[in-house]
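Listed in order, the protein sequences are those of chains A and B.
In terms of the numbering used here, the first sequence opens at residue 1 and continues consecutively.
In terms of the numbering used here, the second sequence opens at residue 1 and continues consecutively.
By construction, the Cβ of each residue, glycine as well, lies at the ideal position given by its N, Cα and C atoms.
Written below as structure tokens is the structure these notes are about.
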Amino acid sequence: MTDVTDVKIKVENIVASATLGKSLELPKVAPALEGVEYNVEQFPGLVYKLKEPKTAALIFGSGKLVCTGAKSIENSIKAIHIAVDKMRSLDPDIPHEFEIKIQNIVASANLMSTLNLEAVAMDLENTEYEPEQFPGLVYRLGEPKVVLLLFGSGKVVCTGAKSKEDAQLGVEKTKERLIELDLI
Amino acid sequence: RLRKWQRKIRISGATERNLAFALSELDRDSSRLGLPRSVREAASVVYRNAVENKLIRGRSIEGVVAASLYAACRRCNVPRTLDEIAEVSRVTKKEVGRTYRFLTRELNIKLPPTSPVDYVPRFASELGLSGEVQSKAIDIIEQAMAKGLTSGRGPTGVAAAALYIASVLLGERKTQRDVADIAGVTEVTIRNRYKELTEQLDMGVTL
DNA sequence: ACCTTACTTTCCAAAGC
DNA sequence: GCTTTAAAAAGTAAGGT
Chain A
1 MTDVTDVKIK VENIVASATL GKSLELPKVA PALEGVEYNV EQFPGLVYKL
51 KEPKTAALIF GSGKLVCTGA KSIENSIKAI HIAVDKMRSL DPDIPHEFEI
101 KIQNIVASAN LMSTLNLEAV AMDLENTEYE PEQFPGLVYR LGEPKVVLLL
151 FGSGKVVCTG AKSKEDAQLG VEKTKERLIE LDLI
Chain B
1 RLRKWQRKIR ISGATERNLA FALSELDRDS SRLGLPRSVR EAASVVYRNA
51 VENKLIRGRS IEGVVAASLY AACRRCNVPR TLDEIAEVSR VTKKEVGRTY
101 RFLTRELNIK LPPTSPVDYV PRFASELGLS GEVQSKAIDI IEQAMAKGLT
151 SGRGPTGVAA AALYIASVLL GERKTQRDVA DIAGVTEVTI RNRYKELTEQ
201 LDMGVTL
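What follows is the structure in structure tokens.
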């Protein structure tokens, strides 16, 4: 009974970083990226928004970039390659091979049961619940090291995960713990 | 030897000056909020504990004072909202909240979430509502909490809606605008809570 | 009253103030 | 700590019709 394995998580956002291994002359490669924003005083990186996959890339002079907004690891990697390929049209020396690392995965899930957050706040360890400030209860899990936001509706957000497996595990462990404490 | 001694004097002198400044700041904020001496003392205890545990590093004295006051008000069951604390201190709501979380975590202070019930006496007296209305409002809030109707909702909004409903039920009607202004929420929020409470609780009377 | 937009919270990397 | 990006959750707020 109490099958925790039936909890379905939906990946909502992925943050990935890439290191090209070669510094970039931003003024030189920026023209290859249509609609790019660049305000050094405001932020040191170029802001490039892609429509497909719908993502946003932050590109730095050091040759490192950050991609946010993708809903799958595959799309995140695809978006990074699209941006890098475009820049390479203006700078042939940009490597074709480079490292990409998944930094954060945000997922949502539904425990299919309403939660009494004041009760959860009292019995569950490592929680913060300040309804005056935010309607969700913050639950920090140690293993995997992820943070969950629990809502009265039973909906959950898991963030801080480095892999889909950790996000899934985080939600499952949270559900198990809530059942264990008779808070489900 | 003499130099080391002088340094101690200098450091303790600075420490004393900082403490004196913090306490005057605490008194200033407290009087603006109209807080009783007991709450000011509770806040000064929190502040002194923060200093003893070296938690002031990287934080403004004003911020720690404001967070100490916020915590003391909650512990004494006479809560002020983060907005009210931010208004009288020269610290943003965001920093008061951030420092409050830091202090409670580092000093192992675990306060339960603010109960809407704690706002009833203050809001009711500012609205000139009777003790009967207050009791009715508290009764409504307790029923709401028992049915899980307060999870995730702002305590002031729940207290405001309960007082509004109680005032109508007991013939001391106040407008949503009056209650909203004193509770620091919008009329829309009172209407939303009002709808949930009247639909899901047995008030014994149809409004 | 409705609708839309927007802010609160959590996470993370990037370069630099 | 801040700046910029993205995304979900749900409550609250503000402005327009």
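Start and end residues, beta strand (DSSP E) containing residue i
i      : result
E12/A  : I9 to T19
I59/A  : T55 to I59
R140/A : L137 to L141
K49/A  : L46 to L50
Cutoff 8 Å: residue i Cβ touching any chain A Cβ
i      : result
L210/B : Here chain B comprises residues numbered 1 to 207, so residue 210/B is not present and cannot be evaluated.
S68/B  : no
G63/B  : no
R153/B : yes
T99/B  : no
T189/B : no
T186/B : no
P121/B : no
T114/B : yes
For residue j and residue i, the rounded distance between their alpha carbons
i      : j      : result
A107/A : K10/A  : 5 Å
L111/A : P116/B : 27 Å
S38/B  : R191/B : 36 Å
Q157/B : R75/B  : The displayed chain sequence assigns Gly, not Gln, to residue 157/B. Looking at the two C-alpha atoms, the distance is approximately 20 Å.
P31/A  : V84/A  : 13 Å
R57/B  : N77/B  : 29 Å
V157/A : A109/A : 6 Å
E62/B  : R90/B  : 7 Å
K49/A  : R59/B  : 37 Å
E143/A : S163/A : 13 Å
V188/A : V168/B : In the structure displayed, chain A extends from 1 to 184; residue 188/A sits before or after that span and is not available.
S32/B  : E132/A : Strictly speaking, residue 32/B in this sequence is Arg, with Ser absent from that position. When rounded, the distance between both Cα atoms is 22 Å.
F104/A : R88/A  : It should be noted that the sequence gives Asn, not Phe, for residue 104/A. Roughly 27 Å between the two C-alpha positions.
K64/A  : V146/A : 25 Å
G45/A  : A18/A  : 14 Å
G35/A  : T55/A  : 13 Å
E37/A  : P27/A  : 11 Å
Y129/A : L82/B  : 14 Å
A124/B : Q176/B : 13 Å
T127/A : A121/A : 6 Å
E99/A  : K54/B  : 42 Å
L181/A : T174/A : 11 Å
Assigned secondary structure, residue i (DSSP; H/G/I helix, E/B strand, else coil)
i      : result
C76/B  : coil
E99/A  : strand
T15/B  : helix
G69/A  : strand
G160/A : strand
T127/A : strand
V147/A : strand
Y70/B  : helix
N75/A  : helix
S108/A : strand
Within 8 Å, strictly: CB atoms of residue i and residue j
i      : j      : result
T216/B : P79/B  : Residue numbering for chain B in the displayed model covers 1 to 207; residue 216/B lies beyond these limits and cannot be assessed.
V120/B : A159/B : yes
G170/A : L149/A : no
G160/A : L115/A : no
D29/B  : V65/B  : yes
A166/B : K195/B : no
S62/A  : A16/A  : no
I102/A : I82/A  : no
G154/B : V185/B : yes
L23/B  : V51/B  : no
A72/B  : V46/B  : yes
D123/A : V29/A  : no
A57/A  : I80/A  : yes
A162/B : I141/B : yes
A119/A : L24/A  : no
R48/B  : L26/B  : no
E172/B : L129/B : yes
Residue-chain proximity (residue i, chain B), Cβ-Cβ < 8 Å
i      : result
L183/A : no
Y139/A : no
M122/A : yes
N116/A : yes
Y38/A  : no
G152/A : yes
S132/A : The sequence given here places Glu at residue 132/A; Ser does not occur at that position. Yes, because at least one Cβ of chain B sits closer than 8 Å to the Cβ of E132/A.
G160/A : no
E128/A : yes
P135/A : yes
Endpoints, the alpha helix (DSSP H) within which residue i is located
i      : result
G157/B : P155 to L169
L127/B : V120 to L127
K136/B : G131 to A146
A180/B : Q176 to A183
S38/B  : R37 to E52
V88/B  : L82 to V88
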